Amino acid sequence: MKRKLLGFAALSILSVGLLAGCGGGNSKKESSDPGDIKIWVQFSDETPEGVAWQEIVDGFNKENEGKYKAVTEYIPRSGSGGGYEDKVNAAITTNGLPDVITLDGPNTAAYAHSGVIAPLDDYLKDADMDDVLDSIIQQGTYDGKMYAFGFSESNVGVYYNKEMFKEAGITEEQLPTLDNPWTWSDFSKISEILTKHFEGPAIDMQIASNDEMLTYAYTPFIWSNGGDVVNEEGTKATDYFNDSKTVEALEFVQSLVKNGYTTISPIEKGFETGKYPMLLSGSWTIFDLEENYKDIDYGILPYPVSDTTKELVSPTGSWQLAMTTKTEKKDASAAFIKYATSTESSRIMSLGNSVLPIRNSTIELIKDEVSEGMRTLMEQNQRSGHARPVVVAYPQVSRAFQQAIQDISYFEENKDVQKVADTRAEEMQQAIDNSLK
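Here it is in structure tokens:
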């Protein structure tokens, strides 16, 4: 089967802060023999993720002693997203891929479309897929088949400073819950109170990140309003990204900037140091707060919802496992993927690396072992998690999305959101059309 060079892979699909173990360093691999299952992962063995991973691998090898043996090569990503992706790209062109690789959620469609990874459906009939979060199945599915299985998950919420809320007169009774989240209007009213009281922005929405965080964290506003970035097949952006429902969601984002409720030039670690009452951020921020900013008394609130639909939607997505089309050890590779995504393996990874579980059974298993904030995000993920668009031209689509947010936030001449959406939708469509030729 012909393999296409995945030029997109060197792009940083998730913000560096989202990824555990993305630091530099030389790749490391264990000794192996021709009968081993070779696995490439994008983190170092010395990180919490690497330590948890090795525990999972050791468990698999012990359980399958004399039958299968998994051997990991650790290939950390560089700060720009290179390293691991560069090696995968090179291996595609030389037919040198291992049996199993890790890949980021939004890359599923491109790898599957290019014939790099193989469908897993025939191997998952005994994997209790009803227990797996919908978001994991969604991000790993392309053209009706499941090609990749996430081994960890993530989510985003509104972090808030409890002392600053109290000082501004916002009571616990005014706080949203997963059953009764704030609407966009509610969120704006609270932001106005905080902005006036503290004479500064109420929240850091991370608009200044200018990276994948914008696509990851802002698409839920669109989905909550009944809009979308692309169609379900991932083939059309025009009439979707520039649809009236999508434009309304983007106008809500723009209103936060216009009213001064969010900063677009944030102070570094502004929330963590008590400068901003709120921060839109992901589950990875919990670890930083609890390790480095223990004086901040914080909580996590659910996503604000559209005034029209009242539908709670939150973002998801992380790294997955996939079996390459190169492997001659399909049964062994599939067995490892199933083991690494089991309830127990998900428990090891979640507790060891401070990431969200991929299974409902794991959430039930660890809910009393994690912080209040982590429980909020786990439940929000269960109820409302939505993976990013599964589209072959994802990097180009994502970049156009990011530029649209920047356009409506920073440039006065782009205050007409509909025009911005029309322009960026055309860019997305051109990239999609080119990718499917």
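Heads up: the sequence shown at position 245 corresponds to 427 in our numbering, and the numbers run straight through without jumps.
By construction, the Cβ of each residue, glycine as well, lies at the ideal position given by its N, Cα and C atoms.
Quantities reported herein were computed from a predicted structural model and do not represent experimental measurements.
Paired residues, beta bridge with residue i - DSSP
i           : result
residue 541 : 314
residue 369 : None, per the DSSP bridge assignment.
residue 450 : The partner list for residue 450 (beta bridge, DSSP) is empty, contrary to what the question assumes.
residue 254 : 221
residue 343 : 480
residue 276 : Residue 276 pairs with nothing; no bridge assigned.
residue 231 : Bridge partners of residue 231: none, in fact.
residue 335 : 538
residue 286 : 501
residue 567 : 496
residue 386 : 461
Cβ pair residue i, residue j closer than 8 angstroms
i           : j           : result
residue 621 : residue 407 : This structure cannot speak to residue 621, because the chain is shown only from 183 to 619.
residue 613 : residue 578 : yes
residue 561 : residue 360 : yes
residue 385 : residue 458 : yes
residue 417 : residue 559 : no
residue 434 : residue 242 : no
residue 464 : residue 338 : yes
Residues of its chain near residue i, where Cβ-Cβ distance is below 7 angstroms and the 5 sequence neighbours each way are ignored
i           : result
residue 234 : 530, 531, 534 and 535
residue 603 : 423, 424, 428, 429, 432 and 586
residue 314 : 540 and 541
residue 197 : Confidence at residue 197 is low in this model, with a pLDDT of 32, below 50, so the placement of that residue should be treated as unreliable; the coordinate-derived value is given next. Closer than 7 angstroms at Cβ, skipping near neighbours: 391, 393, 394 and 395.
Contact belief for residue i with residue j at Cβ below 8 angstroms, rounded distance in angstroms
i           : j           : result
residue 281 : residue 506 : 6 angstroms
residue 428 : residue 446 : 21 angstroms between Cβ atoms; not a contact.
residue 610 : residue 330 : Actually they do not touch by this definition, with Cβ atoms about 23 angstroms apart.
residue 567 : residue 498 : 4 angstroms
residue 587 : residue 396 : 5 angstroms
residue 489 : residue 364 : So it is not a contact: roughly 10 angstroms between Cβ atoms.
Where residue i falls, given that 16 or more other Cβ within 10 Å makes a residue buried
i           : result
residue 206 : Confidence in residue 206 is poor, its pLDDT being 36 and thus under 50, which makes the residue's placement too unreliable to answer from.
residue 503 : buried
residue 479 : exposed
residue 482 : buried
residue 217 : exposed
residue 627 : No answer is possible for residue 627: the residues shown for the chain start at 183 and end at 619.
residue 371 : exposed
residue 544 : buried
residue 267 : buried
residue 581 : buried
Cutoff 6 angstroms; reference residue i; Cβ partners in own chain excluding five residues on either side
i           : result
residue 334 : 500, 531 and 537
residue 276 : none
residue 134 : For residue 134 there is no data in the structure shown, the boundaries of the chain being 183 and 619.
residue 208 : Bear in mind that the predicted position of residue 208 carries a pLDDT of just 47, short of 50, making it unreliable; the figure below should be weighed with that in mind. No residues qualify anywhere along the chain.
residue 509 : 281 and 515
Cut-off 8 angstroms between Cβ atoms - residues of its own chain near residue i, not counting five sequence neighbours on either side
i           : result
residue 311 : 319
residue 220 : 214, 253, 255, 280, 281 and 282
C-beta neighbour in chain C for residue i, strict 8 angstroms
i           : result
residue 504 : In the displayed structure, chain C is absent; only one protein chain is listed.
Residue i Cβ short of 7 angstroms to the ligand GDP heavy atom set
i           : result
residue 228 : With respect to small molecules bound, the structure shown includes none, and the ligand GDP cannot be examined in it.
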